[in-house]
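Here's the structure we're looking at; comments come further down.
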Amino acid sequence: MKEQLVNLDEFNMSEEELFSQVNHDSLSSEKITAPRYSYWRSVFRVFFKKKINIIVLSILAVVILFTYVYPLVIAYDPEVTPYINLMDGSSKHLKPGAAIDKFGFSLSWIFGSGDKGQSTFDAIWYGSSISISLALICALINMFVGVVIGAIWGFSKKVDIFMTEVYNIIANIPYILLISVIVLIMSASFWTMVFALTVTGWLGIAYFIRTQVIIIRDREYNLASRCLGTPILRIATKNILPFMTSVIVTLAATEIPSYISYEVFLSYIGMGLKDMSLGKLIEAAQNAMVTPGWEFEFWCPVAVASIITVVLYVVGQNLGDASDPRTHM
Amino acid sequence: MTKYLINRILRGLLSVIAVVAIVMLLIYSLMNRDQIFAQDSVYSHMKSNAREAYKMQQWEKYGYLDYVPYADYLKMLLQNGDITQDVYNEAVKFGDKASEDSAVVAQYVKEFKDYYESRGYEFERKDADMLKNKYKDGGKPYIYAYKDTPLITRLWEYITGIFRVDNIHYVKEDIEDRGLEFTLYDPVYGGEKFSPAIIGNGTQHKYLLYFDSQFPYIHQNLLTVRLGTSYSINKDIDVFETMTNTQGSYVYSTVTYPSGVVAEGADNLHSATYVPNSLENGTVVIKDRFVDNYTSVTANKNGLSKMGYSFVIGIISVLLAYIVAIPLGTLMALKKDKLIDKLGTIYIVFIMAVPSLAYIFLFKAVGSKIGLPGTFDVDSSSKLMYVLPIISLALPSIANLMKWLRRYMIDQMNSDYVKFARSGGLSEGEIFSKHVLKNAIIPIIHGIPGSVLGSLVGAIITERVYVVPGAGNLLTNAINAYDNGVIVGVALFYALLSVVSIILGDILMSLMDPRISFVSKER
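As you go down the protein sequences, you meet chains A and B in turn. For the record, in the first sequence the residue sitting at position 34 is 76 according to our numbering, with numbers rising by one throughout. For the record, in the second sequence the residue sitting at position 428 is 430 according to our numbering, with numbers rising by one throughout.
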């Protein structure tokens, strides 16, 4: 430190020139100066600071483009002929090279053709749009119901006693049984599936949120807030919800891919959708998996399903990390 | 503590009963009951009225409803002495149509109708289905009454029927010498080898208690567990037996039959149960070998039971998972943000996000490439076929354990007591092994009973992909075959295991960590 000391005489200035009196300003002393802070801006600042997030997000953009825009552009219909070639035996189960030789190069044939002579590439993206929509709708409903009920469950001790017993019972009903009974009673349509996955699906989320709410509910700052007379609703929305944002985002990040996986699983055991979905494609390609030379047909939908779930999971996890205010420093 | 535990167990049992009630409501009341005949060949060969009557009989057998044919009502009257044999013979011959009945028949049909309708039954009279003065196939007339079994009755009968204690009044027919006999020399071993056994006469099982060479060496048939009778998966066999009976090919040995005949056979004489008139109506072989009606025996087989295979694969993978995941998870927490942590995170993300079906098939493909058997063969003695299913089950649970252990350890490392220990001069190694690991492992310990008991249940995808004859697919197969008895039985079994494993987890946790107590101490 000693070297940095400056000799004032070097400036050749008088005392008045060097120093001036600053009057006490009572108004400005009331102001607390802090850097401008916007929560969501900080979330995205932290999120985009990581290079990996930009890469994963662009993969996600490509995936979404292919799932939602590509089938529209080529006007895909799983029942109509340019997309399936039932009559033509020689167009079935082709490897990519052979398919391109036969049909000429187009994006549709880069994954070869399937058991109906259809383009695997087109079928995968059409199936993905159904699977992703299913996962998004189910996650939205379950997250909304789960968070609201979980918050009430965590706050009220009376509700807690009742809901815990309900949880003990419903969590023990085999999930597959419930889904298949619902599918048998109604039909294996898209909205039946949504109903089956959401009818008890919110319970696990609500239980998780309840535990989190109980942990935060009795912290000192909430006790103080209650003493000052803050209404419960305000405590819930202003004191606790901001605390929970990162938890909720992280939870959503695991939920969405898990519904895609679940749909694949249900299709595999023969209880899935009637519509063409990723799970249905994987189930249909099961036999190709054990036939030498046809394995490619099976691995393509599996690989695409894995890419979609991994990308959604990573984006969600990192968004969850970024939405935790403690990382904004 | 005991009081608390009893309370917990009772509450758990109540929720298990509620689960069974909900499952029964789902499958008996909400699902279309015609679907149980989907795979029944007898049903598909029947026509007309006979088919309706068959449906009623089967629905009664599987607990949907109570079905009373007109003849049974008359038999009941006869047994009670309300009518004579002559009246019975007269009244039982009802006509093809109501108008063709004789006066006696009309009177008793009316009584039958009034008697059951006043009890809430539906009366049904199927007129004969004729084709030119001849009955069509199955076209005989039928008179019967039926009533749906209410949920409460069904639940009560199911729950009281779970445990069945064998007794000497089981056999309805007149037999001599009902009673139990204790012998020191089991006749199955020729009557010379010392092996105590209790043999019953009049009981369902002939051998109530016996010793043999198989684990656990002492066996009993006194108390049988019945979870529900199968309709299509394993016809007329109880779910519990389906899960616990051995599979595979027959094991032949020299068997001394009750009549003294010694022959090569796979029959397990200890499993003999009573079947009425089976000796009289039996084949030459049965008449030659047996001396009483205890002729129904199971066969000795070389494989394990469904539950056995699931458990062997499950328990090894659970052990493997804990052995691998605890050091790896600890290492990840220790080297946070270093290479090993990043690699571990990639692995965890892969397992968490990718559909389980995808990576199980991946393991199978990779495993088959390096020469491991990709499918399971009960008759093969090779232990290599266990490798891929075990790895497929272990890898996801390793990822799950690693994820949580790392999270808990990092949380512990940031806590105040660790900073205090560090400032007190403890070495990092000491802090880690004596404080952080001890605290972080407690929530992990809570899951151990769950994963051990869970391996009894089996794994659906793994067992399907590797063709393991385990218990995992029982529920899905039962659902696909509309086998209600099996569905209820398996649901009860699952619910019971999950309740027990949570209670055991809590006990284990409070044993490991003296700070955790489930009883509020008096202050």
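By construction, the Cβ of each residue, glycine as well, lies at the ideal position given by its N, Cα and C atoms. No experiment lies behind these values; they were computed from the predicted model shown.
Nearest-angstrom Cα separation, counted from residue 76(A) out to residue 68(A): The straight-line gap from Cα to Cα measures roughly 18 angstroms.
Identify whether residue 252(A) lies in helix, strand or coil by the three-state DSSP scheme. Residue 252(A): helix per DSSP, three-state reduction.
Between which residues of its own chain and residue 263(A) is the CB-CB distance below 6 angstroms, once the five residues before and five after are set aside? Taking C-beta separations shorter than 6 angstroms and ignoring five residues to either side along the sequence, residue 263(A) has no partners in its chain.
Is it the case that the Cβ atoms of residue 172(B) and residue 296(B) are separated by a distance below 9 angstroms? Going by C-beta atoms, residue 172(B) is not nearer than 9 angstroms to residue 296(B).
Between which residues of its own chain and residue 41(B) is the CB-CB distance below 7 angstroms, once the five residues before and five after are set aside? Leaving aside the five residues that flank residue 41(B) on each side, the residues in its chain whose CB is nearer than 7 angstroms to its CB run, in chain order, 234 and 483.
Contacts of residue 496(B) in chain A (Cβ-Cβ under 8 angstroms): Residues of chain A passing the Cβ test: 214 and 216.
For residue 46(A), three-class secondary structure by DSSP: Helix at residue 46(A).
Using only alpha-carbon positions, find the residue among 288(B), 279(B) and 123(B) that is nearest to residue 271(B). Selected option, being the one with the closest Cα: 288(B).
Candidates 189(A), 310(A) and 98(A): closest to residue 254(A) by CA position: Distances from the alpha-carbon of residue 254(A) to those of 189(A), 310(A) and 98(A) put 189(A) closest.
Enclosing beta strand (DSSP E) for residue 325(A) [first to last residue]: It is not in any beta strand (DSSP E) - residue 325(A) instead sits in the alpha helix (DSSP H) that spans 320–326.
Does the CB of residue 299(A) have a neighbour CB from chain B at under 9 angstroms? Closer than 9 angstroms: yes.
By the three-class DSSP mapping on this structure, what secondary structure does residue 423(B) have? Helix at residue 423(B).
Does the region 205–223 of chain A touch the region 238–251 of chain A, meaning 3 or more C-beta pairs lie closer than 8 angstroms? As far as the Cβ criterion goes, the region 238–251 of chain A touches the region 205–223 of chain A, which means the pair count is three or higher.
I'd like to know if residue 286(A) contacts chain B, where contact means its C-beta is closer than 9 angstroms to some C-beta of that chain. Chain B contact via Cβ: absent.
Are the region 138–154 of chain B and the region 42–51 of chain B in contact at 8 angstroms, needing three or more beta carbon pairs? Per the Cβ contact rule, the region 138–154 of chain B is in contact with the region 42–51 of chain B (3 or more Cβ pairs under 8 angstroms).
Supposed close pair residue 300(B), residue 273(B) - CB separation, criterion 8 angstroms: A Cβ-Cβ distance of about 4 angstroms is found for the pair residue 300(B) and residue 273(B), placing them in contact under the 8 angstroms criterion.
For residue 183(B) versus residue 161(B), is the C-beta distance shorter than 9 angstroms? Contact: no.
Proximity test, Cβ basis, 9 angstroms: residue 307(A) and chain B: Under the Cβ distance rule, residue 307(A) counts among the residues neighbouring chain B, one pair being separated by less than 9 angstroms.
Is there a C-beta anywhere in chain B that falls below 9 angstroms from the one on residue 154(A)? For residue 154(A), the closest Cβ of chain B is not nearer than 9 angstroms.
Check the Cβ of residue 463(B) against every Cβ in chain A and list those closer than 9 angstroms, keeping chain order. Chain-ordered, the chain A residues with CB closer than 9 angstroms to the CB of residue 463(B) read 307, 310 and 311.
Starting from residue 33(B), find everything on chain A with Cβ-Cβ shorter than 7 angstroms and list it in chain order. The answer, in chain order, is 223, 226 and 227.
Mind listing, in chain order, the continuous alpha helix (DSSP H) runs of no fewer than 4 residues lying wholly within the region 280–366 of chain A? Fully enclosed alpha helix (DSSP H) runs of 4 or longer: 283–310, 320–326, 328–332 and 337–364.
Hey, could you find the ends of the alpha helix (DSSP H) residue 206(A) is sitting in? From DSSP, the alpha helix (DSSP H) with residue 206(A) extends over 199–212.
Residue ranges of each beta strand (DSSP E) run of no fewer than 3 residues wholly in the region 119–189 of chain B, ordered along the chain? List check, beta strand (DSSP E) in window: 124–128, 144–150, 165–167 and 181–185.
Beta strand (DSSP E) segment containing residue 213(B), residue limits: Segment 209–213, the beta strand (DSSP E) holding residue 213(B).
Within this structure, are the beta carbons of residue 58(B) and residue 148(B) separated by less than 9 angstroms? With respect to the 9 angstroms criterion, residue 58(B) and residue 148(B) are classified as neighbours on the basis of their beta carbons.
Report yes or no: is there a C-beta of chain B within less than 9 angstroms of the C-beta of residue 207(A)? Yes, its Cβ sits closer than 9 angstroms to a Cβ of chain B.
Can you give the Cα-Cα distance for residue 525(B) and residue 5(B), rounded to whole angstroms? With a pLDDT of only 46 at residue 525(B), under 50, the local geometry of the prediction cannot be trusted, and no value is derived from it.
Starting from residue 211(A), find everything on chain B with Cβ-Cβ shorter than 8 angstroms and list it in chain order. Against chain B, a Cβ distance below 8 angstroms from residue 211(A) picks out 17, 20, 21 and 24.
What three-state label does DSSP hand residue 266(B) in the structure shown? Residue 266(B): strand per DSSP, three-state reduction.
From 351(B), 176(B), 206(B) and 214(B), pick the residue whose C-alpha is nearest to that of residue 190(B); which is it? Comparing Cα positions, the closest option is 214(B).
Cβ neighbour criterion (16 or more within 10 Å) applied to residue 143(A): Counting Cβ neighbours within 10 Å, residue 143(A) comes out exposed, since fewer than 16 surround it.
What does residue 258(B) pair with, by DSSP beta-bridge criteria? Paired residue(s): 264(B).
Using a cut-off of 7 angstroms between C-beta atoms, extract the partners of residue 355(A) located in chain B. Neighbours of residue 355(A) across chain B, judged by C-beta separation under 7 angstroms: 351, 354 and 355.
So residue 394(B) and residue 365(B) are supposed to be a Cβ contact under 8 angstroms. How far apart are they, rounded? The beta-carbon separation of residue 394(B) and residue 365(B), rounded to 5 angstroms, stays under the 8 angstroms limit for a contact.
What would DSSP say about residue 231(B), mapped onto helix, strand or coil? The answer is strand: DSSP assigns residue 231(B) an E or B state.
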